[in-house]
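Before any comments, here is the structure.
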Ligand SMILES: [Zn+2]
Ligand SMILES: [Zn+2]
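Chains as they are written, first to last, in the working numbering: chain A, 1 to 130; chain W, 1 to 276.
And the structure:
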């Protein structure tokens, strides 16, 4: 199944931008992240590939800045998709390389014409780059 | 299914001695179902001559891919619009903020055009094209948004036996690192997958494309790669550049044929009919 054109263009744009971007479909399944995102997520996209929502919620856990875990339903992406609004917040993410990083993230719900919900794009950056 | 090309030119009507063989009228394609169902793809200047041939018909469906002028300019000259009792359905993409009616009125009203939509004698219905499948007469139509500036759809039309796809303005290579990429990340793929006939944008020679990235069109190399990826049985070149003469277009096709594409390559010429 081909992805909607809005997600195709978003991925192409993300592949050219120098800021870390991750793209998910409307169910929250991970579809793509760009090279700058690889440094924060701790693994190359070519090695991880697409991941089901339940799967990457487990493999890339999020924590509050004080270290308490963020349950799946309160993850910024899932809030943005459910409530169809922009979500902006600081969290800690444990990368696939095992390292924990403090990041700031903005999630944009991608709504197409005719009220179609297509997915979301997460733009994020590391707060204390080493 | 029978497919006739009434206008094959892109961007601007291009009448002149150098465009006699491929034609100078802009995008318009007639699709006839076995039961006589008549679909008109786009309303470029080619639609005027089509309108003169349709005779007494109860209904016609005009499917617009988008509202760029070269796909709309002939609409007001389509004879069935001026016949009472003919049902004319015009389908086209809404924008994110305006429906098709509001968008069309911008062209079909003074000062751009002397007649207003509501003054047309036919039984006119304007329809926002659904993104997905729907049925017109005996034909099944699928529409999907594709890579081109502004809301633009491509169409796939099937009669249950054969299928054709119409992507006159399409830049699937836009932003792709290595075109073609996987099918799932390729604009237009689902519409064109496995079709018997793919009518596709071939606005540029490969060497011309780098100057026009993002303008919404394909070089012939992109069209060939896209058709191969989609597994189309025939590729018909379309939306010819106004600056390309008949001889230029012959050369493009000749060069493409030397690459031995895995499908039949048909130069899209105004007036030609293909039975599928
Ligand atoms: Zn065009
Ligand atoms: Zn166009």
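Glycine included, every Cβ here is placed at the ideal spot set by N, Cα and C.
Buried or exposed: where does residue i fall if 16 or more other Cβ atoms within 10 Å of its Cβ makes it buried?
i                      : result
residue 86 of chain A  : exposed
residue 36 of chain W  : exposed
residue 237 of chain W : buried
residue 66 of chain A  : exposed
residue 85 of chain W  : exposed
residue 275 of chain W : exposed
residue 74 of chain A  : exposed
residue 112 of chain W : exposed
residue 88 of chain A  : exposed
residue 4 of chain A   : buried
residue 57 of chain W  : exposed
residue 134 of chain W : exposed
residue 68 of chain A  : exposed
residue 130 of chain A : exposed
residue 247 of chain W : exposed
residue 239 of chain W : buried
residue 128 of chain A : exposed
residue 22 of chain W  : buried
residue 106 of chain W : exposed
residue 156 of chain W : buried
residue 60 of chain W  : buried
residue 81 of chain W  : buried
residue 48 of chain W  : buried
residue 52 of chain W  : exposed
Starting from residue i, find everything on chain W with Cβ-Cβ shorter than 9 Å and list it in chain order.
i                      : result
residue 114 of chain A : 94, 96, 128, 130 and 131
residue 33 of chain A  : Neighbours of residue 33 of chain A on chain W: none; closest Cβ ~14 Å, over 9 Å.
residue 53 of chain A  : Going along chain W, no residue has its Cβ under 9 Å from residue 53 of chain A, so there is no contact; the nearest lies around 18 Å.
Please tell me whether, using a cut-off of 7 Å, the distance from the CB of residue i to the nearest non-hydrogen atom of ligand 4 is below it.
i                      : result
residue 154 of chain W : Absence of ligand 4 from the depicted structure is noted, with ligand 1 and ligand 2 being the only ligands included.
Is the CB-CB distance between residue i and residue j below 8 Å?
i                      : j                      : result
residue 168 of chain W : residue 186 of chain W : no
residue 282 of chain W : residue 261 of chain W : Nothing about residue 282 of chain W can be read from this structure; chain W reaches only from 1 to 276.
residue 129 of chain W : residue 142 of chain W : no
residue 42 of chain W  : residue 71 of chain W  : yes
residue 166 of chain W : residue 230 of chain W : no
residue 120 of chain W : residue 100 of chain W : no
residue 8 of chain W   : residue 268 of chain W : yes
residue 29 of chain A  : residue 10 of chain A  : no
residue 201 of chain W : residue 223 of chain W : yes
residue 205 of chain W : residue 220 of chain W : yes
residue 18 of chain A  : residue 36 of chain A  : yes
residue 46 of chain A  : residue 32 of chain A  : no
residue 18 of chain W  : residue 245 of chain W : yes
residue 105 of chain A : residue 91 of chain A  : yes
residue 60 of chain A  : residue 12 of chain A  : no
residue 6 of chain W   : residue 39 of chain W  : no
residue 125 of chain W : residue 65 of chain W  : no
residue 197 of chain W : residue 33 of chain W  : no
residue 164 of chain W : residue 272 of chain W : no
Could you check which residue in the options has the C-alpha nearest to that of residue i?
i                      : options                       : result
residue 170 of chain W : W:149, W:63 and W:251         : W:149
residue 62 of chain A  : A:14, A:1, A:103 and A:18     : A:103
residue 40 of chain A  : A:97, A:108 and A:66          : A:97
residue 145 of chain W : W:191, W:244, W:181 and W:104 : W:191
residue 57 of chain A  : A:111, A:1, A:123 and A:27    : A:27
residue 96 of chain W  : A:123, A:110, A:16 and A:8    : A:110
residue 14 of chain W  : W:209, W:27 and W:2           : W:27
residue 108 of chain W : W:82, W:73, W:137 and W:246   : W:73
residue 131 of chain A : A:113, A:114 and A:108        : Nothing about residue 131 of chain A can be read from this structure; chain A reaches only from 1 to 130.
residue 195 of chain W : W:255, W:204, W:264 and W:206 : W:264
residue 210 of chain W : W:32, W:198, W:183 and W:174  : W:174
residue 215 of chain W : W:225, W:203 and W:226        : W:203
residue 118 of chain A : A:6, A:99 and A:2             : A:6
residue 92 of chain W  : W:132, W:55 and W:110         : W:132
residue 114 of chain A : W:151, W:122 and W:105        : W:151
residue 217 of chain W : W:39, W:68, W:59 and W:25     : W:68
residue 282 of chain W : W:16, W:1 and W:46            : Nothing about residue 282 of chain W can be read from this structure; chain W reaches only from 1 to 276.
residue 122 of chain W : W:251, W:115, W:98 and W:83   : W:83
residue 115 of chain W : W:254, W:271, W:75 and W:140  : W:75
residue 178 of chain A : A:34, A:80 and A:8            : Residue coverage of chain A in this structure runs from 1 to 130, which leaves residue 178 of chain A outside it and unanswerable.
Going along chain W in order, which residues have a C-beta closer than 8 Å to the C-beta of residue i?
i                     : result
residue 11 of chain A : 185
residue 5 of chain A  : 144, 145, 146, 147 and 187
residue 16 of chain A : 175
residue 8 of chain A  : 147, 185, 186 and 187
Starting from residue i, find everything on chain A with Cβ-Cβ shorter than 9 Å and list it in chain order.
i                      : result
residue 63 of chain W  : The premise fails here: residue 63 of chain W is roughly 17 Å from chain A at the closest Cβ pair, so nothing lies under 9 Å.
residue 151 of chain W : 113
Residue i versus chain A: which residues are under 8 Å apart at the beta carbon?
i                      : result
residue 190 of chain W : 1 and 2
Under 7 Å Cβ-Cβ, which residues of chain A neighbour residue i?
i                      : result
residue 257 of chain W : In chain order: nothing, as chain A lies at least about 28 Å away.
I'd like to know whether the C-beta of residue i is nearer than 8 Å to at least one C-beta of chain D.
i                     : result
residue 62 of chain A : Absence of chain D from the displayed structure is noted, the protein chains being A and W.
Runs of beta strand (DSSP E) wholly within the region 64–125 of chain A (minimum 3 residues, chain order): 87–94 and 100–111
Give, in chain order, every unbroken run of the alpha helix (DSSP H) that is at least 4 residues long and sits entirely within the region 176–243 of chain W. 189–192 and 220–230
Which runs of the beta strand (DSSP E), 3 residues or longer, sit entirely within the region 12–70 of chain A? 21–25 and 30–33
List, from N- to C-terminal side, the beta strand (DSSP E) runs of 3 residues or more that fit wholly inside the region 69–157 of chain W. 87–92, 123–128, 132–136 and 139–145
Could you give the uninterrupted runs of the beta strand (DSSP E) lying entirely in the region 14–76 of chain W, keeping only those of 3 residues or more? 28–32, 38–41 and 59–63
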